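A.B. asks:
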Amino acid sequence: MWKTDEKTQAQAKRLESEMEYILASDVGSTTTKARLFRKINNEWRYVLSGEAPTTVEAPYENVCMGVQNAVREIEELTDLQILSENGGMIIPHSGGRGVDFYCTTSSAGGGLQMLVAGVIKSMTAESANRAALGAGAIVMDAIAVDDGRPDYQKIERIRNLRPDMILLAGGTDGGTIQLVMQIAELIAASAPKARLGADYALPLVYAGNKNARPAIKKLMEKEFALSIVENIRPVLEMENTEPARMAIHELFMEHVMSHAPGYSQLMKWANIDILPTPAGEGMAMQLIAKVEKCNVLGVGLGGATTNVYSIFDERFVRSVSANLGMSYSICNVLKEAGIKNIMRWIPFEADENQIINVMRNKMIRPTTIPQTLRLLLVEHAVARESLRLGLGHHKTIATRLKGAVTEHRMIGEMLSYSLLSTYIDMMKIKIIVGTGGLLSHAPNRAQSMLIMTDAWQPEGVTKVYQDSVFMMPHLGVLSMAYPDAAWSVFDKDCLVRVGTVIAPKGVAVQGEKVADIVIKTQDSTLFEKEVVFGDITVVPLPERAKATATINPVKHFDMGAGEGKTVEATIEGGVVGVVIDTRGRPIGLPEDDKERRSTLMRWFNSMSAYPKEMALGGSG
Amino acid sequence: MVKKEKGKSAEEAYAYTPGMKVKRAVVVRKTRRLPILGEVLVKKGDELGFDTIVAKTDIPGEPNVVRIDEILGVLSEDVPVYMVKKVGDKVEKDEIIAKSSSMFGLIKKNVASPFAGIIESVSDSSGQVVIRAPPIPVELKAYVRGTVAEVIPKEGVIIETNAAFIQGICGISGERYGKIRVAIGTPEDVLTAETISPDDKGKILIGGSLVTYDAIEKALQVGAIGVVAGGIEGNCLSKFIGYEMGVAITGEEEVGLTLIITEGFGKMRMSSRTFSLLKEFDGHEAAINGATQIRAGVLRPEIIIPHKLVLSKSEEELSRGMVPGTPVRIIGDPYFGKIGTVSSLPVQLKKVETGSDVRVVDVKLEDGEIVTVPRANVEIIEE
Numbered sequence: 005m006w007k008t009d010e011k012t013q014a015q016a017k018r019l020e021s022e023m024e025y026i027l028a029s030d031v032g033s034t035t036t037k038a039r040l041f042r043k044i045n046n047e048w049r050y051v052l053s054g055e056a057p058t059t060v061e062a063p064y065e066n067v068c069m070g071v072q073n074a075v076r077e078i079e080e081l082t083d084l085q086i087l088s089e090n091g092g093m094i095i096p097h098s099g100g101r102g103v104d105f106y107c108t109t110s111s112a113g114g115g116l117q118m119l120v121a122g123v124i125k126s127m128t129a130e131s132a133n134r135a136a137l138g139a140g141a142i143v144m145d146a147i148a149v150d151d152g153r154p155d156y157q158k159i160e161r162i163r164n165l166r167p168d169m170i171l172l173a174g175g176t177d178g179g180t181i182q183l184v185m186q187i188a189e190l191i192a193a194s195a196p197k198a199r200l201g202a203d204y205a206l207p208l209v210y211a212g213n214k215n216a217r218p219a220i221k222k223l224m225e226k227e228f229a230l231s232i233v234e235n236i237r238p239v240l241e242m243e244n245t246e247p248a249r250m251a252i253h254e255l256f257m258e259h260v261m262s263h264a265p266g267y268s269q270l271m272k273w274a275n276i277d278i279l280p281t282p283a284g285e286g287m288a289m290q291l292i293a294k295v296e297k298c299n300v301l302g303v304g305l306g307g308a309t310t311n312v313y314s315i316f317d318e319r320f321v322r323s324v325s326a327n328l329g330m331s332y333s334i335c336n337v338l339k340e341a342g343i344k345n346i347m348r349w350i351p352f353e354a355d356e357n358q359i360i361n362v363m364r365n366k367m368i369r370p371t372t373i374p375q376t377l378r379l380l381l382v383e384h385a386v387a388r389e390s391l392r393l394g395l396g397h398h399k400t401i402a403t404r405l406k407g408a409v410t411e412h413r414m415i416g417e418m419l420s421y422s423l424l425s426t427y428i429d430m431m432k433i434k435i436i437v438g439t440g441g442l443l444s445h446a447p448n449r450a451q452s453m454l455i456m457t458d459a460w461q462p463e464g465v466t467k468v469y470q471d472s473v474f475m476m477p478h479l480g481v482l483s484m485a486y487p488d489a490a491w492s493v494f495d496k497d498c499l500v501r502v503g504t505v506i507a508p509k510g511v512a513v514q515g516e517k518v519a520d521i522v523i524k525t526q527d528s529t530l531f532e533k534e535v536v537f538g539d540i541t542v543v544p545l546p547e548r549a550k551a552t553a554t555i556n557p558v559k560h561f562d563m564g565a566g567e568g569k570t571v572e573a574t575i576e577g578g579v580v581g582v583v584i585d586t587r588g589r590p591i592g593l594p595e596d597d598k599e600r601r602s603t604l605m606r607w608f609n610s611m612s613a614y615p616k617e618m619a620l621g622g623s624g
Numbered sequence: 615m616v617k618k619e620k621g622k623s624a625e626e627a628y629a630y631t632p633g634m635k636v637k638r639a640v641v642v643r644k645t646r647r648l649p650i651l652g653e654v655l656v657k658k659g660d661e662l663g664f665d666t667i668v669a670k671t672d673i674p675g676e677p678n679v680v681r682i683d684e685i686l687g688v689l690s691e692d693v694p695v696y697m698v699k700k701v702g703d704k705v706e707k708d709e710i711i712a713k714s715s716s717m718f719g720l721i722k723k724n725v726a727s728p729f730a731g732i733i734e735s736v737s738d739s740s741g742q743v744v745i746r747a748p749p750i751p752v753e754l755k756a757y758v759r760g761t762v763a764e765v766i767p768k769e770g771v772i773i774e775t776n777a778a779f780i781q782g783i784c785g786i787s788g789e790r791y792g793k794i795r796v797a798i799g800t801p802e803d804v805l806t807a808e809t810i811s812p813d814d815k816g817k818i819l820i821g822g823s824l825v826t827y828d829a830i831e832k833a834l835q836v837g838a839i840g841v842v843a844g845g846i847e848g849n850c851l852s853k854f855i856g857y858e859m860g861v862a863i864t865g866e867e868e869v870g871l872t873l874i875i876t877e878g879f880g881k882m883r884m885s886s887r888t889f890s891l892l893k894e895f896d897g898h899e900a901a902i903n904g905a906t907q908i909r910a911g912v913l914r915p916e917i918i919i920p921h922k923l924v925l926s927k928s929e930e931e932l933s934r935g936m937v938p939g940t941p942v943r944i945i946g947d948p949y950f951g952k953i954g955t956v957s958s959l960p961v962q963l964k965k966v967e968t969g970s971d972v973r974v975v976d977v978k979l980e981d982g983e984i985v986t987v988p989r990a991n992v993e994i995i996e997e
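Sequence order for the protein chains is A and B. Numbers given in this note's numbering equal positions in the first sequence, counted from 1, plus 4. Numbers given in this note's numbering equal positions in the second sequence, counted from 1, plus 614.
1) Compare the Cα-Cα distances from B:G760 to each of B:E753, B:A747, B:A778 and report the closest residue.
2) Comparing alpha-carbon positions, which option in A:M476, A:T36, A:Q157 lies nearest B:V679?
3) Shorter than 8 Å from the beta carbon of B:N991 to some beta carbon of chain A?
4) Taking a cut of 7 Å between CB atoms, which residues from the region 142-172 of chain A lie near chain B?
5) Sort A:A219, A:K533, A:G577, A:T466 by Cα distance to A:N556 and report the nearest one.
6) Pop quiz: A:Y25 and A:D104 are said to be a contact at Cβ under 8 Å. What is the actual Cβ separation, rounded to whole angstroms?
7) Are the region 690-697 of chain B and the region 201-219 of chain A touching, with three or more C-beta to C-beta distances below 8 Å?
8) In chain A, which residues lie with their C-beta within 9 Å of the C-beta of B:A862?
9) In whole angstroms, what is the alpha-carbon distance linking A:S194 and B:G675?
10) Put A:I94 into one of helix, strand or coil per three-state DSSP.
11) Using only the alpha-carbon positions, how far apart do B:F879 and A:T35 sit?
12) By DSSP, does A:R39 sit in helix, in strand, or in coil?
13) Tell me the rounded alpha-carbon separation between A:E411 and A:E241.
14) What residue does the alpha helix (DSSP H) around B:L834 start on, and which one ends it?
15) Inspect the beta-carbon positions of A:V239 and A:L183 and report whether they are closer than 8 Å.
16) Locate the alpha helix (DSSP H) running through B:V961, then write down its first and last residues.
17) Report the CB separation of B:V869 from B:I786 in whole angstroms; it is logged as a contact under 8 Å.
18) Using 10 angstroms around the beta-carbon of A:P494, count the other beta-carbons present and answer buried if the total reaches 16, otherwise exposed.
19) Which two residues bound the contiguous beta strand (DSSP E) that contains B:E774?
20) Among A:D539, A:K467, A:K598, whose alpha-carbon lies nearest the alpha-carbon of A:K297?
21) So if I threshold CB-CB distances at 7 Å, which residues from the region 433-467 of chain A count as touching chain C?
22) Can you list the residues of chain A that B:G731 reaches, using a CB-CB cut of under 8 Å?
23) Could you give the DSSP three-state label for A:I415: helix, strand or coil?
24) For the beta strand (DSSP E) holding B:C784, just list the boundary residues, first then last.
25) Is the CB of A:M23 under 8 Å away from at least one CB in chain B?
26) Do B:A900 and B:I794 have their C-beta atoms closer together than 8 Å?
27) Kindly indicate if chain A contains any beta-carbon less than 8 Å away from that of B:G606.
28) Is the beta carbon of A:T281 closer than 8 Å to that of A:T109?
29) For the beta strand (DSSP E) that A:S314 lies in, which residues bound it at each end?
30) Using DSSP with H/G/I as helix, E/B as strand and the rest coil, what is A:T525?
31) If you measure from the beta carbon of B:T940 to each beta carbon in chain A, is any gap under 8 Å?
32) For B:V688, tell me which candidate among B:V987, B:I673, B:K670, B:K713 has the shortest Cα-Cα distance.
33) Could you pull out every residue in the same chain whose Cβ sits closer than 7 Å to the Cβ of B:P749, ignoring the five residues on either side in sequence?
34) Please compile the residues from chain A whose C-beta is within a distance smaller than 9 Å of the C-beta of B:T671.
35) Under 8 Å, Cβ to Cβ, is there at least one residue of chain A near B:D976?
36) Closer than 8 Å, CB to CB, is B:P948 near chain A or not?
In structure tokens, the structure reads:
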């Protein structure tokens, strides 16, 4: 992933020990976020941020202007000059000027938009889908021989889409090439055009049956920027997404980024390749799972998309709900969740139409931020629904390999195997992580903890982490070059340990006993009580402090060891503390509107999430 | 590293917050490009009307697939042997393109082309044949009245015109042109069905703070080509277009007229400047386009009124951003819609009602009051 240019390579590969300043940025669809890191007492730390609107669009049409503005904000707040007189980066740091290293991620202008195709929808097309998503792409459509659409509809779809890239898979190695060629010929005949201009060849990655390579080459080489990699499903029992993912990243730099406005200049500034934002975010999520050695579920809740990441039993999967977001796509959340589901999280009396207008106005002015509590609460209600829907979508991607049956299986087993749904089990998720503007910039960490808990409803004992100021993509891309520096900042300044949620799974009636819980540190007993259904209780335990929790649930509640079985766990504190959530799973809200609002307020107050005195009057 | 005691000058602390353009006289340059290469029909300096055709081309027809191997029951690699038409041949609908015979000629099978077109490919890998439908002719209109400033060979033209130029915030449907008719008295007024008459056929109707659903229906009924208003209720828009809008990507709707909203959703007084400009050009011909794309290449709906009353001295300049004195409009509650000028741009973050620390701007409102709002919640008024 190092840039190939020798001079740059030498510069980029400077020893970390010689470096003092690192600058990283993320060119987002709305905002360009620059982060400055510095080595202090031999430890890499985050120093400060600069942010500015992204300038990929008219009238500016040059992302570098947004980067310069964000960097200028950093310069304003420090004594460090980073930009040279001609507007570029001063690299390396010398004589009190410049930084030693610069890297960036990007999702501006819609990120990397891909079309994937395979032979069988639930097999090769699904594997291609996972590979594209894992590479940080937004998948516009997945075409397959058996996707139920007649050929003319597939052709029409391919012709109308203007993707940045195509990933074509299909067939196992050595099998018949007929079906993969059918889909390849369909694509070739449709002659799709690249999104960023008709004047260059559309990149296409072929990751299908190796026997079809000569025919694919003959058919595609002339009209597409073709890259042939190892088969994504060499045999049905195996998924091999890595070669396709790497090819996607290479073509993203060579063919896509170089055509986006201003990127050729930005590519020169950066010491290593530009990475799609979700790829950076995904790397950061994987880093957490690797260090903490457990299953992790994470989310990047953005303005246009909701990216969900899972590392479950060491398998990494990313899903992107390209239509769910907090600004550009906010009305899609409305459309998919329905106004009733959004309204249920709003603790004040409001007219549905008024809330719809608030959301529509956010859609057309996506860069505005809530100044009033009412608007903040509306956005938080939408965030819960976006996360809920995003996880639902993720579960459809995070599934076992379909079609992978062994000869020893009986027919009955084969049938049940093909029907297996997601392997994501909330009881086995030990850490949930949130990033993205809304979660990272929530005025109070308890708000984002409650949003994630309400939306994802963790079960058993789950730690909650948060990206402090939105720098996970930055650290993800930095980890490609300097993993130790990235982890240092990640651990000390990026990951906010918000707390631990203790949530017995089950349902009861309000006030009924759920469990006996004892929380002890080495020195004292912090909590020893019978907890009842329908409440949230917060036990303060500071960040990085550890305690032992003994949870003895009643017979129809489960903490992971089975109904009524006692669980003992080491728990970690956080800025919010330990949250004992006895609202049951799934969380239910009263039907009566007044009662619903008062229940919400009770929960909010238990978490001290919003100002208690909020009258929730004023303008909406 | 030490934080600076004092921030840099306000000029350095500018922010890029592009606003909606409301200009009385500006040189508008419109690039008109064919979707694929073709023939340009005009030359530099030509005067164009709104509907002058400036370029034309033929878009390749739809490819259609015929599974010869499946129909004949033969192996895919043998398909070329059974073809009676070859690549490049023109075929009519129902014309035989492949045939086979077996059992000493007793069993014969024919493949009749389900489409008219040209045989584009015959594949021995997949066993399928692609028949390309005849090309579809496409003509490109000028859209605005003006002069050809530049010809882009084989692609299109750049048209220049001196015009009043107004951007809206969200629109529906694409390019149209007609005469402006201000249908209400003040920017606060609501455009209702009663204010519209059969005389409004072909007109662009200007409303004030809101357009009702009945008014849109009436406008359609009388044959008006456009409606421009400050606001619209979200549910009224859904009823008009027939679905819930999920993202603001519009322009392709076939709804009979072009709708442009200048301020936002709900009842919203049209900005005085927009209203007075439209009033000044009441009766003038204008080109309108509701196409909106807020993500990936911001496209806002527009009203272009070519005129020669006042000539712009130069092409429009790129906005340099906010500095003290810049006229701005607040676009977030609790001051939504208020107009003022930038009083100062504090460098340090400030806490707002939500409890967030954000970069703010102090705005001096028209009544002299100074309010603090997030920088993200103002837009520059580009006059």
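By construction, the Cβ of each residue, glycine as well, lies at the ideal position given by its N, Cα and C atoms. Because the structure is a prediction, the values reported are computed rather than measured.
C.D. replies: Based on what the coordinates show:
1) Residue mapping note: residue 760 of chain B aligns to position 146 of the second sequence, counting from 1. The shortest Cα separation from B:G760 among B:E753, B:A747, B:A778 belongs to B:A778.
2) Along the second sequence, one-based indexing puts residue 679 of chain B at 65. Ranking A:M476, A:T36, A:Q157 by Cα distance to B:V679 puts A:Q157 first.
3) For the purposes of this step, residue 991 of chain B is taken as residue 377 along the second sequence, with counting starting at 1. True, the Cβ-Cβ gap to chain A drops below 8 Å.
4) Correct list: D155, Y156, I159.
5) By 1-based counting over the first sequence, the position of residue 556 of chain A is 552. That would be A:K533, whose Cα lies nearest to the Cα of A:N556.
6) As a working mapping, residue 25 of chain A is identified with position 21 in the first sequence. As a working mapping, residue 104 of chain A is identified with position 100 in the first sequence. 5 Å between Cβ atoms; contact.
7) No, the region 690-697 of chain B does not touch the region 201-219 of chain A.
8) Counted from its first residue, the second sequence places residue 862 of chain B at position 248. Here the neighbours are Y332, C335, R364, M367, I368, P370.
9) Looking up residue 194 of chain A in the first sequence gives position 190. Looking up residue 675 of chain B in the second sequence gives position 61. In a straight line, the C-alpha of A:S194 is about 10 Å away from that of B:G675.
10) Position 90 of the first sequence holds residue 94 of chain A. Coil.
11) For the purposes of this step, residue 879 of chain B is taken as the residue at position 265 of the second sequence. For the purposes of this step, residue 35 of chain A is taken as the residue at position 31 of the first sequence. Taking the Cα positions, B:F879 is about 24 Å away from A:T35.
12) By 1-based counting over the first sequence, the position of residue 39 of chain A is 35. A:R39 falls in the strand class under three-state DSSP.
13) In the first sequence, the residue the question calls residue 411 of chain A occupies position 407. In the first sequence, the residue the question calls residue 241 of chain A occupies position 237. With a pLDDT of 42 at A:E411, under the threshold of 50, the modelled position of this residue cannot be trusted, and the question is left open.
14) Position 220 of the second sequence, counted from the start, is the residue given in the question as residue 834 of chain B. It spans 827-836 - the alpha helix (DSSP H) in which B:L834 sits, taken as one unbroken run.
15) Position 235 of the first sequence, counted from the first residue, corresponds to residue 239 of chain A. Position 179 of the first sequence, counted from the first residue, corresponds to residue 183 of chain A. At least 8 Å separates the beta-carbon of A:V239 from that of A:L183.
16) Position 347 of the second sequence, counting from 1, holds the residue named residue 961 of chain B. No alpha helix (DSSP H) holds B:V961; DSSP gives it neither H nor E.
17) Here residue 869 of chain B is taken as the residue at index 255 of the second sequence, counted from 1. Here residue 786 of chain B is taken as the residue at index 172 of the second sequence, counted from 1. So it is a contact: roughly 6 Å between Cβ atoms.
18) Here the question's residue 494 of chain A lines up with position 490 in the first sequence. The question names Pro, but residue 494 of chain A in the sequence shown is Phe. A:F494 is buried by the Cβ-count criterion.
19) For the purposes of this step, residue 774 of chain B is taken as the residue at position 160 of the second sequence. First-last of the beta strand (DSSP E) with B:E774: 770-781.
20) For the purposes of this step, residue 297 of chain A is taken as the residue at position 293 of the first sequence. Proximity to A:K297 across A:D539, A:K467, A:K598 peaks at A:K467, based on C-alpha coordinates.
21) Considering every chain present, this structure includes no chain C. Its protein chains are A and B.
22) What you label residue 731 of chain B is simply residue 117 of the second sequence in a count that begins at 1. Within chain A, no residue comes near B:G731; the closest Cβ sits about 11 Å away, beyond 8 Å.
23) Sequence index remark: in the first sequence, residue 415 of chain A carries index 411 (1-based). The predicted model places A:I415 with a pLDDT of 43, which falls under 50 and marks its position as unreliable; any figure quoted below should be read in that light. Here A:I415 carries a helix assignment [DSSP, helix/strand/coil].
24) Here residue 784 of chain B refers to the residue found at position 170 of the second sequence. From DSSP, the beta strand (DSSP E) with B:C784 extends over 784-786.
25) As a working mapping, residue 23 of chain A is identified with position 19 in the first sequence. Not one beta carbon of chain B lies nearer than 8 Å to the beta carbon of A:M23.
26) For the purposes of this step, residue 900 of chain B is taken as the residue at position 286 of the second sequence. For the purposes of this step, residue 794 of chain B is taken as the residue at position 180 of the second sequence. Cβ atoms of B:A900 and B:I794: closer than 8 Å.
27) The requested residue 606 of chain B does not occur in the structure, where chain B is confined to residues 615 to 997.
28) Your numbering for residue 109 of chain A matches position 105 in the first sequence. Your numbering for residue 281 of chain A matches position 277 in the first sequence. Going by C-beta atoms, A:T109 is nearer than 8 Å to A:T281.
29) Numbered from its first residue, the first sequence carries residue 314 of chain A at position 310. Run containing A:S314: 310-316, per the beta strand (DSSP E) assignment.
30) Your numbering for residue 525 of chain A matches position 521 in the first sequence. Here A:T525 sits in coil by DSSP.
31) As a working mapping, residue 940 of chain B is identified with position 326 in the second sequence. Not an interface residue.
32) Translated into the one-based positions of the second sequence, residue 688 of chain B becomes position 74. Measuring from the Cα of B:V688, the nearest candidate turns out to be B:K713.
33) Taking the second sequence and counting its residues from 1, the one referred to as residue 749 of chain B is at position 135. Closer than 7 Å at Cβ, skipping near neighbours: D672, I673, P674, G675.
34) Start at 1 with the first residue of the second sequence, and residue 671 of chain B comes out as number 57. The contacting residues do not exist; B:T671 stays about 12 Å from chain A at best.
35) Locating residue 976 of chain B in the second sequence gives position 362, counting from the first residue. For B:D976, the nearest beta carbon of chain A is not closer than 8 Å to its own beta carbon.
36) Residue 948 of chain B sits at position 334 when you count from the first residue of the second sequence. Taking Cβ atoms only, chain A reaches closer than 8 Å to B:P948, which makes this a yes.
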